[in-house]
Structure formats: C-alpha cells, structure tokens
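Chains as they are written, first to last, in numbering that gives the first Met the number 0: chain A, 0 to 464; chain B, 0 to 464; chain C, 0 to 464.
Note that CB positions come from ideal geometry on N, CA and C, so glycine has one too.
Bear in mind the structure is a predicted one, so any value in this text is a computation, not a measurement.
Worksheet for the structure shown next.
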Amino acid sequence: MGFLDENYLLTNDTAKRLFNIIKSLPIVDAHNHSDAHEIAENENYTDIWQAEVATDHYIWELMRKRGVSETFITGTATNEEKWMKLAEIFEDLVGNPVYEWVHLDLRQRLGITELISKTTAQSIWNQAIHILQQENKRPQQILKEMSVESMCTTNDPIDLLADHKKLMDIYGKGYIRPTWRPDNAMNIFRPTWVEYVEKLGQRVEKYPLTLDDFIEALRTTHDYFAEFGCITSDHGMLIPLGFEVNKEDVEDIYERRINDEETTEEEHMLFMSYMLHEFAQMDVEKGWVMQLHIGAVRDARESLLTIIGPDSGGDISNHTVEIVDSLLDLLNSYDEKNPILDPKYRGLKVVLYCLDPSHQPTLATITRAFGKNVNLGAAWWFNDTPIGMKRQLEYISSVDLLMNYAGMVTDSRKLLSYGSRTEMFRRVLADVLGSMVEKGQIPEELAIKTAKHVCYDGPKHFFGF
Amino acid sequence: MGFLDENYLLTNDTAKRLFNIIKSLPIVDAHNHSDAHEIAENENYTDIWQAEVATDHYIWELMRKRGVSETFITGTATNEEKWMKLAEIFEDLVGNPVYEWVHLDLRQRLGITELISKTTAQSIWNQAIHILQQENKRPQQILKEMSVESMCTTNDPIDLLADHKKLMDIYGKGYIRPTWRPDNAMNIFRPTWVEYVEKLGQRVEKYPLTLDDFIEALRTTHDYFAEFGCITSDHGMLIPLGFEVNKEDVEDIYERRINDEETTEEEHMLFMSYMLHEFAQMDVEKGWVMQLHIGAVRDARESLLTIIGPDSGGDISNHTVEIVDSLLDLLNSYDEKNPILDPKYRGLKVVLYCLDPSHQPTLATITRAFGKNVNLGAAWWFNDTPIGMKRQLEYISSVDLLMNYAGMVTDSRKLLSYGSRTEMFRRVLADVLGSMVEKGQIPEELAIKTAKHVCYDGPKHFFGF
Amino acid sequence: MGFLDENYLLTNDTAKRLFNIIKSLPIVDAHNHSDAHEIAENENYTDIWQAEVATDHYIWELMRKRGVSETFITGTATNEEKWMKLAEIFEDLVGNPVYEWVHLDLRQRLGITELISKTTAQSIWNQAIHILQQENKRPQQILKEMSVESMCTTNDPIDLLADHKKLMDIYGKGYIRPTWRPDNAMNIFRPTWVEYVEKLGQRVEKYPLTLDDFIEALRTTHDYFAEFGCITSDHGMLIPLGFEVNKEDVEDIYERRINDEETTEEEHMLFMSYMLHEFAQMDVEKGWVMQLHIGAVRDARESLLTIIGPDSGGDISNHTVEIVDSLLDLLNSYDEKNPILDPKYRGLKVVLYCLDPSHQPTLATITRAFGKNVNLGAAWWFNDTPIGMKRQLEYISSVDLLMNYAGMVTDSRKLLSYGSRTEMFRRVLADVLGSMVEKGQIPEELAIKTAKHVCYDGPKHFFGF
C-alpha cells in the first residue's frame, strides 16, 4: 500500500465502504482559529510558507525538535529560506500527523504529489508559488472547494466583527460565524486584565465598570455576536472552574483587582467560577453551546513566551489537574433535570474537550451521567492524530454514545488544512466503525447511519448550524 | 461477518479455537447485584422491560443520552410504553456494550434474533411476553441454563438472608451465596448512618452500641453470613481507606457521631480506615476474600439523586483519586510475609477492582508487588466492555500475571444477562490470548491452560467456591 | 505461527522487512544495572540460576505471585533447588515478558530450545551447566556475541571504578562506561544519608563537609567519572524535584541534617531541588546527558524491605505523582533558548523515563515543547513489554518525534538478557513502523531510515557514545 493512497488509514473492507459514504459530506466546524480578516480580504497566499506554516505552531515545535534555529521558524529569515530549512528536516517528522497533514494539503489543495525533502524543496516552493496565485486558490474559493458549509472562528468579545459583517453580506448569516471566547475577561490573574476591562468599557462606552457593569458589557457583546450568527461560546481553562460562588465575595475581589490591590490565587478561582456561571446563563438564554477546552498548561516553556509570545508552541498537559468538583458544580447548576429550575428549562448545552488522555475517563463518565446536553468533543490538539482519535473513539463509544459525539472540529490555524484534518478524522472513524462491524459488534447499516450522524447531522443539530 | 455471529469478537483463528474450548465452562460469579428474593420466589418475568431494563441503570443512562423523558425510564409509563420508547432509540446505542448485551440476551435466553428498532418493537414485546411465561424461563431455570455453578449476591450485614435460606434448602450451601457488604456501616458521613447503627443494634438485640459493640454486632453478622456459604466481603470505596489508626481516637469520633455532634471529614476517614482493618481481620480469620471496588464518585448528578435516588446512573470516575498510601497501609498490615504476624498466618486475600483506567497501572503494580494473595479483578463497570476488557487484559498480563487474575464477575443487575456478560468476557480473553499465540508470544497449549484457569479454576480456587 | 519463531511480534510484511534491516545493528545501551566487576573478572557463570535469576527481581516477583516460598527465591535453597521451583511454575508466567525473555536468552545465548516446565527442568539445568562453562560464554564473550558496542553501568559517585579501569585498559575508554548516579547523595531523607556524606568525605579526604564542600566533593567524582568515559548522569526520583531554591536556605537545612537535628519533608525537597540544579550544572559543563527516572514508589511492600532489602520487587507506580511544576523549573533554568544564559550556551540534555503510563502524556508534551535537548526515554520497567512499548511508541510518535527518541536501554540486571531485551524492542519498533507504512502514513524508505536512527544513530549521537 502506498503513502496516502486511497486506503490511507483504512484497515478493513467495511471501513473502505464507510469512508466512501462519508468522505464528501459537507464540513460544519464548530471550532477553529482561522482569521476572518483573511477570508474577508480573500487575497491569494504569497507562498507555501505563508499558507502552511506561518500561523501553525504545531510545525514550529517540530522544527525546534529537529534543531532548526528560531531565525528560520519565527525569526527574520525570508519565507523561502524558512521553507528550505523545513524541507531539510521534513523527513524526520514521520509518525507525527504534521507529516501527513501537510502532504495531504499539498495533494488535495495544490495538486502537488512530491514528497517534501531537501531535494524537492525548491521544486515544491516554485510550484506552490504558481498554484497559489490562481483565482481558485483564494481563501473563499478554498473553503468552497473543501465543502465547508458553516464554520466558527474564535473571537474576543470586544471584536466588532467587521470581517464577519462583510462575509455575512456576501454569504448570509450562517456561513462564517464568530465564536464568543471571553478568556481575556475571565483571566483575572493576567497582568493585562485591568487593561482589558478598560477596553471593554470603551467597547460599551462606559467606564469605570463595576462588576455588574462588567457583566452587562459582556452580555452586550454576547448579544452583538448573536446578530452575526454566533451559536457557541468557547472557554480555555486549565481547570473548568464552575464552583457556586457568592456574588458579594466576587464584587470585593473584582474591586480590589481593578484597583491593583492584592488578590490571591484562590480569589481568582472564585471570580472565574462566578463568571463561568454568568456565561452559562447567557448561553442558556440563547440556546448556545458552551465549549470547554480543559487542561492546557499554557506557556510552560518560558523562553518561548519571552521571545515569541503566547501560542508559540510551549504548552503542555498535566495528568494531575483536578476537574471533577468544579465541573460538577457547573453542570448540576444548569442540569436540564434540575427540579428547582423552570420546568420548561432545557438545560445548558456543553461540549467537553479533553487534552490529557488520562482525563478522558473522568470526562466520558461525566458526559455519560449528564444526559443529552453534555457531550464530548473531538480528540483535541496533541490527540488530534490517527492514534489519538482511534483510542478516543474506541473508548468513548463504549462508555458514552457515538451518536452523542459533538463532532469533528478542525481546530485549525490555517484554512488550507480544514480538508486534511477532516479527512483524517473521517478515515479513522470509518476504520473504528468498520472494525466493529467486522467483529460482529454493529450491523453495517447502523454503522453507516452512525458515521453520517457523527460527521454531519449530529453536530449540525446539536450546535444549531 | 455478521452481527453477533459465531466469530463475534474473535479476530484470529487461534482465538476461535480457544473460545470453543472455554465457552461452555460453568460460571462462578463472585460479584453481582442480583436479588436473592427474585431467585427464591422463582416467578416468571412479566415482560421484557421487567426482565431486561427495570433494574439496569446502564440502560437508563443511555435512554437519557438520547433524550427520552424520565417518564419512560423510571417514571409512571407502563412497561410496554417504556419498551416502545427504548426500541425507538435502540439503534442509537451501537458501539456501547448495551447494544450487544441486550441482543445477546434476546438471542440466547429468548431465542429472538430480530434487531431492536421502532419497527420490531411490538413484535419483540409480544414474543417476549409469550416466551417469558414458559416454565423454563423462570429465574432458577435460567440460572441452570446459563451453567451457573455458584454465585454471590450482594447483601447488607443486617440482611437475615431468608431467601438464601430457602435456596440453600433446595440447592445446598454453595450455590446462591450472600456477600457481606458493610458499606452502610462504613459510611459514617451519610446522614442515615446513625439510623443504620440503630438498626444494627436491633439486629443483635442490643442498643445503644459502643464502638466495641458496633464491631461485635458486625462480627455477629459476619459469622451469620458464613453459615449461608458466604466466602467474600465487598466494599465500595472512593478511596481504599486503610490507614493504621489509634482505637481511642476512633472511639471518640464514633461517640460524637452517634450523638449527632460535629465530626470532620478527616475524622470520617480515620473511622473508615479503622473499620476496614476490623473487616480485614474478620475476613482473614475465615479465609474470605476482601473485594475492594475503588474509585466511584457516587451520585455526581444531583438531579438524579434527588428525583430517583442512588444507583440510578449518576456515578462517575475521577483520575485524581489518591489510592496508594492508604491501600499500602492495609496491605502491609495483612501481608502474608509480614514477619511480625504469626508464622502460620496466610495473609489477607484481596481483589482490587479498578474503575478509572488511569488508576490501572497503580493497582497492577501493587498486585504485582504483593504476591499471591492480592489480585486484580475484572474490568469494572464503565470498562466492562470489549475495548475496556481488551485493554485491561493486554496490560495487566504484561505487568502482573493472567494466572493470578481473580476472574470475570458479571456485576449484573439482572439474571438474564449473566450469560451474555460472561460470553463477552470469554470472547475477549480468547481474542487477546489468541493474538499473543499468533504473535509467537505464547505456545498454544499454554494459552489453552491459561484461558481455562482464568475462566474457572483460578477464581474457584482463590475464592474457595 | 510458532512460539518465538522468526516472525515473533511482527504482524505485517513491512515489519518483517524492517526488522531484518535493524536486527543486527550494534547495541549502544545508555542505562543498565550490570556489574562491571562481573565483566572485569570474566568468570564463567556457575549455572542457569546464577546467570538468569539470581540478580533479577522481575522474576522473583512472579515466583511470589505463584506462591513459591522465599526459601527458593532469595533464601537458603541451592541454585538447583531454586531453578526446579521456578521451572515448576514457569508455564504460569505466559503473557508476562519474563516468559519471552528467558526463553529468548536460552535460545540465543545457550542454544537451548526446550520450553521450561517441570518436565524439562532437570534437562535444561544440566545442559546449561555444560554450556555456561564454555570459553565463549564468559561475560566479555557474551557482550561481544550480542554486538554490544558501548554500554553504561550504573554507579555511585564514590565508586573508584577499579573494574572499569581494568576494562578500559583492555578495550579503551568508550566500551564499558560508568554512569554517575548520585541518589545516595541526593536522598537526604534516608537514615543512612549522614553516613554517606561521611564516606564521601573519606573519598575526597576531607571531613566534615560543608554544603560547598559536599558539592565540590561530588564534582570531584563527576570529573573522575569523566576520565572513565562517563557520558551521562542518572537520577531515580519519585518527583523530578527541580524547584529553584535559595542557597542560604539549603545550607541551613544541610547543616541541621548533618548534625542530626530535625528537618522536614518539605526541606528535604528543597535540598533535593537545589542539588539537582547543581548536578545539571555539572552535566551541562561536560555535555553529559541527564537521565531522569521518574515516578517509582520504592519499597512499597514493607515485608520485602525488612526481610530482603531494597530492589527486591516491592516497588510500584502512582498515577497521582505531581511532575509538572518542579520539572518545568529545572528545564526552564537550563533551556537552550534561555535568553539570560550565555548565547553560546547549548542547553542541558535530558532524557525523561516514564514509569506510570498515565504520566506519559505529561512527559511527552513536555518533551515536545522543550526542543531538541529534552527527549523521551524507552518504555521503562513495568512498561518494558511488547504491549507497553507498542502503546508508548504509537503515542509518543504522534505527540513528539520518533527521530528524537533517546533510544532503547536494556535496564537489565543480567548480561545474558541484553540481546533479548534489545530484540524485543526492535521487533516492536519494526511492527509499529511497519503498520504505519501499511496504513499509508509513512513511506517505507523513511520508515527504514527512522528505524535505524532510533536503534543506533540517534542515541549514539545524542549521548555521544
């Protein structure tokens, strides 16, 4: 069998049939890091480095592992020089999904089938320059080519969504959607938090902000995002802080922090818990899905943070993160079955994303227990790999239900890769289901139904795409 | 290959040969939640809901995941209405072992081979009504049909075992055995604990009870259970609390708690540790096996606890539970090699059940270190699935020894399912061993010997069935 | 397929081709527990027990699991009696790698192909006696036969390396290397620590030692080891303690502990953190690799410690060990990209060994983040098994890079087993890579390159063999 041939990742005949059925389903993508501005401007990419590597810290990390100098990663070298350095070590990346994704991108987006190496570096660079200048390789055309039906970018509440507006004017409300991600408002422990509150005040033309004003301002942006087709909020949290907290205590913490007085780490956790409940309330009222990305220890490598900044490849996971108590408080407060709540209340819709595989059983048993509104998200980040997805799908299928899976998200930092990341997932899903069919665990017609649901109908309905 | 056909879960030829050898071995089941009264009364089941779903919270949880209203799960709808609702969403359960177990039950106990769906719901309901009325589908006849040689129900120490008595009169002492499970006596943190102590006092006709009386009363029930063929105690504990604790401290805690004075969480842990040592002592004296079910966070979903009560599907696992220190204290105190103990002392026999897969390495290395008396139990609850059992068997075989495995337990909440749960385990075991034979790791004749030992001879000898 | 035949552990055709290419590569082994004295003396082994079991607590543990009396394990029985007892229960060890390793040793080192059992015990004993007396079965000849190019024993800093000297005189500097393992100097919590410091003083002919003297004395031994070809330090630590600590505080702790005054557990952790930084500094200066063996809970079974002593089979792992904060402190301090350090600074080379599979994601994401100098080591101890290595390689390949893997180490406690342990690893590696080739994830020629690099070129270059 050949590299990335038609049976890539498909190890049984049923899997091949299943993949054939789901491979062309449209993409609905509830979470990624694409730039709406890039899409709205719709300019051609200048070169393969810009399109494939410039925004993707997954590749940066691997270049560092192979000893490439920072000059050729995030530094001052030209894009062509950087590409040449990457090509030199590209063969060393085998086994890591980056090797597969980038080659899939080249094949399926640019029609380049050469394998990247020192030898082919210049040739691929030259071909890509040429191809990327074509009319049909601009961002909007690429999205269409990849059958993207609807996608959610990730945005700060302050964002005025000018680019989303432009795109809405062209494509209507439900195509390029924003996601309301209030991490900057949440992360009271950051030195820049006070400054952020000030900006938020400017956004709503009110300053200074009391705690009530602060929440009201965020609600204003939440409402504003809804007008642009937003259907989900997103939250990156080491610990899913959802303790039930007294408002008076939080007001006191807020005031001291705003005034640069001392606050403790424990107080920060109280504040964050309080805010997550407020955000949950906003999401419930609009029927939005709350996405929780749990367990990332950010900026663990100090030199990268200092030299390059956040999101540059210095993040890790940690098996000892406490998840249960704080998450249960949140989920119990907004449980659809909570008898204290209005009987018509339908509950908070939540998606839990797991970073550390050792947390997966905890999160899967929680989603199993909490009914139809609390579901698991796609294998995230370090687990967004063939083996990571396979292990997740096999396990959570047996503890929870595949039919409740919140669906694949590309989590991508570049448009070019949506198709490849989606394809890798669909192949693994087909392989896992196909293998269960061949072991006599699932009738094939139900495997087909499940595969289609997981890839398209399920997330479309749960998120309300 | 067809759904649940003869090669179900068997992926290699050696596995097929192995399964053929072990499939008909009698069942010895050291742990389940069956109702001795149901067996003693031996009445026919009224319908398929009563036989398959009414007592099984595994299925309830999945119905909730698919949005079925509680009315049709634990609520006021008729059994037929509930079955119809279950059938409507049954196809959505593929991938979860419930889909396989229920169909296996239908096929092997009732001879119904149709797949459950909205279309077949009424037909299966009608057939099952008819079949379940047959003479040979009563509880005792079903147990015989499934080749159950001996099984242990789970009972509170206060239980007078009237039903076990009836069954003992018919079948002799070693068929339907009770298990001594003193969780109610142990769980001093529960509001109902004081009331329980009162009941225990009534059981032994003494009240009030001092700590010494309390322990003596429990010992009386321990002796009493022995008369009914009990060979094992069982303990559900989030943390396996076995710290060595001073008696005087525990007496003080006990007295305060009995008198409704304040006690702390830490004091509760001291009390529980003390009691576990007492229980260990009782088990050692009789040569019973102490089964420890570790790591379940009970009643995590508050609405279920409030509306329906415990054991209704709101339990989860937690990767951060501390196991080591407290468990080592217990095991070291009762170690067969402990030179401080009587040289004739044979040690406490222990089975450790693991709920969270991230705890498995801890527990497997502990059993590896502690010799022949401390062994691992079957993949438990959320892991009692083809993938859960496969991953457990592959891993613990390499760290510990399969020949020391404490054996499959059905853990079942319904009689009908003993055969299916046992069959699923035997198929996975055959597959894992067969695969090792085909990889040249084990000579086939030794795989046969091991498979038979794990399924029957091993647990029979270890528990003393 | 037959037991241990040529396709042992190779489940696909590409794997067979790959193994054929790597099987004869020389062995470079950065970590094992072999005895340099045994190699220098180069005397024939007296019998199979001495050669295979007398120094190997992996086998002792399994004998205990099968109920063999300590008399026949570490006790007073003769080697022949012990071997007979082992043979009696040897068939019960299937599934555990010991079963495979010992048979591989017999086949490949002694040419004995019989399977060990009660029946063959005497025959194998007799054959082995005969074969082990041959000239070419002496330690140095066995090392040659196994193509060991270079290996590192494990030594206390006080060791004068007389045996290494003898071997260096025969074979030159880079063949049998010492490893500087200062656990005795590090473990301030041990009752014997003060006595150890005294011995260290004697080693450098100075006493009493202040903290500065203590560090200087260790540095003297570090320099001394370098003269014998040492290229790596090694550290066994439950927690990888690398917090940044104030020297004054540590001096105070050191003085109190030396004078048998009270010190706390927390103070011990400060001392150990401080020392690890000192050791890191020494390693950086010489370009040595710092090997960190993380997460072993030593001597968990008290009776074994009391009766037999440490390293007798009573060690376990623990999923809740905190790794992140302390390890990040160390790695950030010695990061190659640390801008505070000298721009010519190349960073501390580190290998992280993972004992508990639930820690693996934490460690793999750390190595991913920290660039070329911080790499993962081989699946360790309880994971040094076909399934443990397979799961590790599949996972870390996807998170980190196989090309950065620090390579197989035998970790062996007996010379005879180097070949078998290495062969098992190479077969699993070939199988994992072969499977990825057959799934279309890696071009075969790059799988070949990767396999060779992982087995030989990679560790050779990283350690500087």
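Who does S149 (chain B) pair with in a DSSP beta bridge? B:V27
Among the candidates B:E99, B:A86, B:H276, whose CA atom is the shortest distance from the CA of S116 (chain B)? B:A86
In three-state terms, what does DSSP make of Q139 (chain A)? DSSP, read as helix, strand or coil, puts Q139 (chain A) in helix.
So, helix, strand or coil for D233 (chain C), using DSSP? strand
From A:D233, A:V398, A:V203, A:L210, pick the residue whose C-alpha is nearest to that of R255 (chain A); which is it? It is A:L210.
Specify, as a first and last residue, the run of the alpha helix (DSSP H) that Y223 (chain C) falls within. Segment 210-226, the alpha helix (DSSP H) holding Y223 (chain C).
Beta carbon of S232 (chain A) nearer than 7 Å to that of F278 (chain A): yes
Which chain B residues sit within Cβ distance under 7 Å of P356 (chain C)? P360
Short Cβ contact (7 Å threshold) for L291 (chain B) with L217 (chain B): no
Do you know how far the Cα of H30 (chain A) is from the Cα of W287 (chain A)? Their Cα atoms are separated by approximately 14 Å.
Is there a C-beta anywhere in chain A that falls below 7 Å from the one on F461 (chain C)? no
For S325 (chain B), which residues in chain C fall below 9 Å Cβ to Cβ? Within 9 Å Cβ-Cβ: nothing; S325 (chain B) doesn't reach chain C, min ~12 Å.
In the DSSP output, what is A446 (chain C) paired with across the bridge? In the DSSP output, where bridge partners are listed per residue, A446 (chain C) has none listed.
Expressed to the nearest angstrom, what Euclidean distance is found between the alpha-carbon atoms of F369 (chain B) and R297 (chain C)? 13 Å
Does N125 (chain C) pass the burial test, meaning 16 or more other C-beta atoms within 10 Å, or should it be called exposed? By the Cβ neighbour-count rule, N125 (chain C) is exposed, with fewer than 16 other Cβ atoms within 10 Å of its own.
I'd like the span of the alpha helix (DSSP H) that includes V398 (chain B), first residue to last. Judged by DSSP secondary structure, V398 (chain B) falls within the alpha helix (DSSP H) whose first and last residues are 385-398.
Looking at the structure shown, is N245 (chain A) part of a helix, part of a strand, or coil, going by DSSP? coil
So, for K413 (chain C): in the same chain, excluding its five sequence neighbours on each side, which residues have a beta-carbon less than 6 Å away from its beta-carbon? T54, D55
Going by DSSP in three states, L303 (chain A) sits in which element: helix, strand or coil? L303 (chain A): helix per DSSP, three-state reduction.
Give me the chain B residues within the contact set of C279 (chain A), using Cβ-Cβ distance strictly less than 8 Å, ordered along the chain. For the sequence presented, residue 279 (chain A) should be read as Ala rather than Cys. Under the 8 Å cutoff, chain B gives no residues; its nearest Cβ is about 16 Å from A279 (chain A).
Would the beta-carbon of S146 (chain C) fall within 7 Å of that of Y174 (chain C)? Contact annotation: S146 (chain C) and Y174 (chain C) have beta-carbon atoms that are not nearer than 7 Å.
Thinking F71 (chain A) and K81 (chain A) are a contact (beta carbons under 8 Å), I'd like their distance in whole angstroms, please. 5 Å
Give the residues of chain C in contact with M435 (chain B), contact being defined as C-beta atoms less than 7 Å apart. G94
Can you give the beta carbon distance from G235 (chain B) to D182 (chain B), rounded, assuming they're within the 8 Å contact cut? 5 Å
Per-residue contacts from P385 (chain C) into chain B (C-beta, under 8 Å): S397, K438, Q440
Name, going along the chain, the residues of the segment 113-129 of chain B whose beta-carbon falls closer than 7 Å to a beta-carbon of chain A. L114
In three-state terms, what does DSSP make of A377 (chain B)? coil
Take W379 (chain C) and list the residues in its own chain whose beta-carbon comes closer than 8 Å to its own, dropping the five residues that flank it on each side. H292, Y352, C353, L354, D410
Whole angstroms is fine: what's the gap from L269 (chain B)'s alpha carbon to T319 (chain B)'s? Spanning the two alpha carbons is a distance of roughly 20 Å.
Comparing the C-beta of N317 (chain B) with each C-beta of chain A, is any distance below 7 Å? yes
On a CA-only basis, which of A:D282, A:G294, A:K172 is nearest H221 (chain A)? Give me that one, please. A:D282
Given that Y394 (chain C) touches chain B, what residues does it touch there, using C-beta distances under 8 Å? Listed along chain B, no residue sits closer than 8 Å to Y394 (chain C) by beta-carbon distance, the nearest being about 13 Å off.
Host beta strand (DSSP E) of Y352 (chain C) (start-end): 348-353
Using 8 Å for Cβ pairs, my map puts L131 (chain B) next to Y195 (chain B). What's the rounded Cβ distance? The beta-carbon separation of L131 (chain B) and Y195 (chain B), rounded to 36 Å, does not stay under the 8 Å limit for a contact.
Counting only C-beta atoms, is F369 (chain A) closer than 7 Å to chain B at any point? yes
Test item: CB-CB of P177 (chain C) and L199 (chain C) under 7 Å: no
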